[in-house]
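Numbering (mature numbering (1 follows the signal peptide of the UniProt record, and there is no 0)), first residue to last: -19 to -1, 1 to 167.
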């Protein structure tokens, strides 16, 4: 019995020595910066794809078959911008700094320049929101902007990422239907 106690004491002492000498794991980036970096990658595909569409193409929406009723290019960009503002505001715990409508953004924005300015400003706001996420607030329950219930800031960050790429895929189809190769595919 004394032998087992001695072995146990030696193991515990060795564990303490190892714990004191081991360095904490290296963290490459803070959580918010990591999430923001992922959004920046998505933005770097989506924004140039929209910029590749000429002014006249911003009114384009396919109409045949299963495309009936889909958003045109301008509406796609306004919608992504509105969701960036809306979700970003929930992450930050404030009201959206720009009009979001019912998730479709301001319909008054029609020209390519107006729509792109709105979209780019929404990404600046979304970057601010994602950079505010940290180890202390990432998983704290906050009210979901999508119906009832709670969610987390990390979940909302992932929604922003997936949402941009969902609409990027749609814009790529619109570009190709207009004979334009998306910049990321050149």
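Even glycine gets a Cβ: it sits at the ideal position worked out from N, Cα and C.
Small disclaimer: the values here were computed from a predicted structure and weren't measured.
Look at the Cβ atom of residue 59, then the Cβ atom of residue 87, and state whether they are nearer than 8 Å.
Counting from 1 along the chain shown, the entry for residue 59 is found at position 78. Counting from 1 along the chain shown, the entry for residue 87 is found at position 106. Yes, they are a contact pair.
Distance, Cα to Cα, residue 79 vs residue 108?
Translated into positions along the chain shown, residue 79 becomes position 98. Translated into positions along the chain shown, residue 108 becomes position 127. For residue 79 and residue 108, the distance between alpha carbons rounds to 15 Å.
What distance in whole Å lies between the Cβ atoms of residue 112 and residue 17, which are believed to be in contact at a cut-off of 8 Å?
As a position in the chain shown, residue 17 is number 36, starting the count at 1. As a position in the chain shown, residue 112 is number 131, starting the count at 1. Going by Cβ atoms, the distance from residue 17 to residue 112 rounds to 5 Å, so yes, they are a contact pair.
The alpha helix (DSSP H) spanning residue 157 covers which residue range?
Looking up residue 157 in the chain shown gives position 176. Here the alpha helix (DSSP H) through residue 157 covers 134 to 158.
So, with DSSP's three-state summary, where would you put residue 124?
In the chain shown, residue 124 corresponds to position 143, counting from 1. Strand, per DSSP.
Below 8 Å between beta carbons: does that hold for residue 26 and residue 148?
As a working mapping, residue 26 is identified with position 45 in the chain shown. As a working mapping, residue 148 is identified with position 167 in the chain shown. Taking 8 Å as the Cβ cut-off, residue 26 and residue 148 do not qualify as a contacting pair.
Identify whether residue 131 lies in helix, strand or coil by the three-state DSSP scheme.
The residue you call residue 131 lines up with position 150 of the chain shown. Residue state, collapsed to three classes: strand.
Between the beta-carbon of residue 65 and the beta-carbon of residue 103, is there less than 8 Å?
Here residue 65 refers to the residue found at position 84 when the chain shown is read from its first residue. Here residue 103 refers to the residue found at position 122 when the chain shown is read from its first residue. Yes, the pair counts as a contact, with Cβ atoms nearer than the cut-off.
Can you tell me whether residue 24 is buried or exposed? The criterion is at least 16 other CB atoms within 10 Å of its CB, across all chains shown.
Locating residue 24 in the chain shown gives position 43, counting from the first residue. So residue 24 counts as buried.
I'd like to know if the stretch 117 to 129 and the stretch 66 to 74 are in contact, where contact means that at least 3 CB-CB pairs between them fall below 8 Å.
With the cut-off at 8 Å, the stretch 117 to 129 and the stretch 66 to 74 touch.
Given that a residue counts as buried once 16 or more other Cβ atoms are within 10 Å of its Cβ, and exposed if not, what is residue 145?
Walking along the chain shown from the start, residue 145 turns up at place 164. Answer is buried; the Cβ neighbour count reaches 16.
Where does residue 97 fall in DSSP's three states?
The residue labelled residue 97 in the question sits at position 116 within the chain shown. Helix, per DSSP.
Taking residue 119 and residue 129 to be in contact with their CB atoms under 8 Å, please state how far apart those CB atoms are, rounded to whole angstroms.
Residue numbering aside, residue 119 sits at position 138 when the chain shown is read from its first letter. Residue numbering aside, residue 129 sits at position 148 when the chain shown is read from its first letter. Not quite, the Cβ-Cβ distance comes to about 22 Å (not below 8 Å), so this is no contact.
Using CA coordinates, which residue listed in 89, 152, 7, 13 is at the minimum distance from residue 139?
Counting from 1 along the chain shown, the entry for residue 139 is found at position 158. Of 89, 152, 7, 13, the residue nearest in Cα terms is 13.
Can you give the Cα-Cα distance for residue 33 and residue 5, rounded to whole angstroms?
Within the chain shown, numbered from 1, the residue matching residue 33 stands at position 52. Within the chain shown, numbered from 1, the residue matching residue 5 stands at position 24. Computed Cα separation, rounded: 46 Å.
Could you tell me whether the Cβ atoms of residue 85 and residue 63 are closer together than 8 Å?
Within the chain shown, residue 85 is the residue found at index 104, counting from 1. Within the chain shown, residue 63 is the residue found at index 82, counting from 1. Result yes, Cβ atoms of residue 85 and residue 63 sit closer than 8 Å.
According to DSSP, is residue 9 part of a helix, a strand, or is it coil?
Locating residue 9 in the chain shown gives position 28, counting from the first residue. Residue 9 falls in the coil class under three-state DSSP.
Residue 76 by DSSP, collapsed to three states: which one?
Numbered from 1 along the chain shown, position 95 holds the residue referred to as residue 76. The answer is coil: DSSP assigns residue 76 none of H, G, I, E or B.
Tell me whether the beta-carbon of residue 55 lies closer than 8 Å to the beta-carbon of residue 10.
Taking the chain shown and counting its residues from 1, one reaches residue 55 at position 74. Taking the chain shown and counting its residues from 1, one reaches residue 10 at position 29. No, Cβ-Cβ distance for residue 55 and residue 10 is not below 8 Å.
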